[in-house]
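The structure appears below as structure tokens.
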Amino acid sequence: MNQERAYFNLGISNAEDATLKNYMSLFPEELIVSVLDAFIVNRPMSGKVGGDGFWVYQEGDDFYLAVFDCMGHGHLASMMTRIYTQTFQRIVQKDEVKDPGTILRYLHHKMDHRFRGKDNMQVGSGADVGLLKINLGVRKMEYAGAKMDLTHVRDGALGTIKADRMPIGELFEYNHDYHTRTVHLSDDTRTWFYLMSDGFKDLMGGPNGKKLGRKGVQEVLQQVNNRSSVDQREYLLGFLDEWSGSNMQLDDVLVIGFAL
615 MNQERAYFNL
625 GISNAEDATL
635 KNYMSLFPEE
645 LIVSVLDAFI
655 VNRPMSGKVG
665 GDGFWVYQEG
675 DDFYLAVFDC
685 MGHGHLASMM
695 TRIYTQTFQR
705 IVQKDEVKDP
715 GTILRYLHHK
725 MDHRFRGKDN
735 MQVGSGADVG
745 LLKINLGVRK
755 MEYAGAKMDL
765 THVRDGALGT
775 IKADRMPIGE
785 LFEYNHDYHT
795 RTVHLSDDTR
805 TWFYLMSDGF
815 KDLMGGPNGK
825 KLGRKGVQEV
835 LQQVNNRSSV
845 DQREYLLGFL
855 DEWSGSNMQL
865 DDVLVIGFAL
């Protein structure tokens, strides 16, 4: 493909109904599923809008996917998703930065420039981020993360590519360095990849009324990875309800899974 395509959340700050319309309708689900065998589970804590988001951009054979978990919840946090999506867009398209690790470094510096010293903000500026660059022509994938690991399942075996441990957009007094990692893609067996916000593992519920936890998330993904993308999404939506039961959701939940 030679054309460039980009979609991003344009949430506005004055009317909550307008925020809801922008938050729910302009995240780029249609681009993701048109390019990848993928699914998206996006369940804000408030049931309407939240601080989890994603950004997608396609330029020729290069396909970028970022998932970010902003601090806070609800209407104010959804405004930060707008800032993150627009900043990603500027870095890749206008500044022409293409390496995932370098993109995250630029992202942090731009957040530093914009928010350092602003102590009167009603919502935090920080975010955990996972960023993928996939070349669809040669089947090459690169990953960089800021406190958001990339989970993969192949032939039932689960693995994790660790992110760098510093978040984006906070702890400005410390050095932030993010590294690009090449992800091996098998020519013989499809691999499922998952990027998730912390809200998934922090779900309260189950028989003992405890958090699902990282191990619980891994067990769920191992159970569903042999299903289609449609079935995985339906299973996870049902699981969220079943596990939570009458417990209040403590955080926004965003899960994006895709197969290559």
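Letter by letter, the sequence shown follows residues 615 to 874 of my numbering. Beta carbons are placed, not taken as given, at the ideal position from N, Cα and C, and that holds for glycine. Nothing here was measured: the structure is a model prediction, and the numbers come from that model.
In three-state terms, what does DSSP make of Tyr720? Looking at Tyr720 - three-state DSSP - the assignment turns out to be helix.
Please specify which runs of the alpha helix (DSSP H), each continuous and at least 4 residues long, are wholly inside the stretch 782-862, giving them in chain order. If only complete runs of 4 or more residues are kept, the stretch 782-862 shows the alpha helix (DSSP H) at 827-838 and 843-858, in order along the chain.
His790 and Arg719 look like a contact to me (Cβ under 8 Å); what is the Cβ gap, rounded to whole Å? Yes, His790 and Arg719 are in contact; Cβ-Cβ is about 7 Å, under 8 Å.
Residues in the same chain with beta-carbon distance under 6 Å from Gly759, minus the five sequence neighbours each way, listed in chain order, please. Setting aside the 5 residues that flank it on each side, Gly759 is surrounded in the same chain by Gly744 and Ala777, each with a C-beta closer than 6 Å to its C-beta; the list follows chain order.
With distance defined between alpha-carbon atoms, name the residue in Leu854, Gln836, Val867 and Val844 nearest to Thr765. Out of Leu854, Gln836, Val867 and Val844, Gln836 has the C-alpha closest to the C-alpha of Thr765.
Would you identify the three-state DSSP class for Leu679, choosing helix, strand or coil? In the structure shown, Leu679 sits in a strand (DSSP, three-state: E or B).
Element boundaries [alpha helix (DSSP H), containing Arg696]: Run containing Arg696: Gly688 to Gln703, per the alpha helix (DSSP H) assignment.
Would you grab the beta carbon distance between Val869 and Phe814 for me? Rounded to a whole angstrom, and I think it's under 8 Å. With 8 Å as the limit, Val869 and Phe814 qualify as a contact, their Cβ atoms being about 6 Å apart.
Only counting runs of 4 or more residues, tell me where the alpha helix (DSSP H) segments fall wholly within the stretch 734-772, in order along the chain. Listed in chain order, nothing qualifies, since the stretch 734-772 has no complete alpha helix (DSSP H) run of 4 or more residues.
Three-way DSSP call (helix, strand, coil) for Asp726 in this model: Three-state result, Asp726: helix.
Under three-state DSSP, which class holds Gly674? The three-state reading of DSSP puts Gly674 in coil, since its state is none of H, G, I, E or B.
Supposed close pair Asp742, Pro714 - CB separation, criterion 8 Å: Distance from Asp742 to Pro714 at the Cβ level is roughly 15 Å; contact not present, criterion being Cβ atoms closer than 8 Å.
Does DSSP classify Leu645 as helix, strand or coil? Correct three-state label for Leu645: helix.
Sort out for me which residues DSSP pairs Ala652 with in a bridge. In the DSSP secondary-structure assignment, Ala652 is bridged to Phe872.
Thinking just about the alpha-carbon of each residue, which of Thr803, Tyr788, Met755 and Met762 is nearest to the one in Gly770? Selection Thr803, Tyr788, Met755 and Met762 evaluated against Gly770 yields Thr803 as nearest (Cα-Cα).
Is His727 buried or exposed, if buried means 16 or more other CB atoms sit within 10 Å of its CB? By the neighbour-count rule (16 or more Cβ atoms within 10 Å), His727 is not buried but exposed.
Sub-8 Å separation of Gly740 and Gly783 beta-carbons: Their beta carbons are under 8 Å apart, which means Gly740 touches Gly783 by this criterion.
Val670 burial status per 10 Å Cβ neighbour count (16 or more: buried): Around the Cβ of Val670, a 10 Å sphere holds 16 or more other Cβ atoms; the residue is buried.
Rounded separation between Asp676 and Val649 - CA only: About 11 Å.
Just confirm the distance between the C-beta atoms of Met755 and Asp683, as a whole number of angstroms; I'd bet it's less than 8 Å. Between the beta-carbon of Met755 and that of Asp683 there is about 21 Å, and that puts the pair past the 8 Å contact cut.
Would you call the stretch 650-658 and the stretch 705-713 touching, i.e. three or more CB-CB distances under 8 Å? Fewer than three pairs of CB atoms, one per stretch, sit closer than 8 Å, so the stretch 650-658 makes no contact with the stretch 705-713.
Please classify Val663: does DSSP put it in a helix, a strand, or coil? The answer is coil: DSSP assigns Val663 none of H, G, I, E or B.
Using only the alpha-carbon positions, how far apart do Asp832 and Phe786 sit? The sequence given here has Gln at residue 832, not Asp. So the two alpha carbons sit approximately 32 Å from each other.
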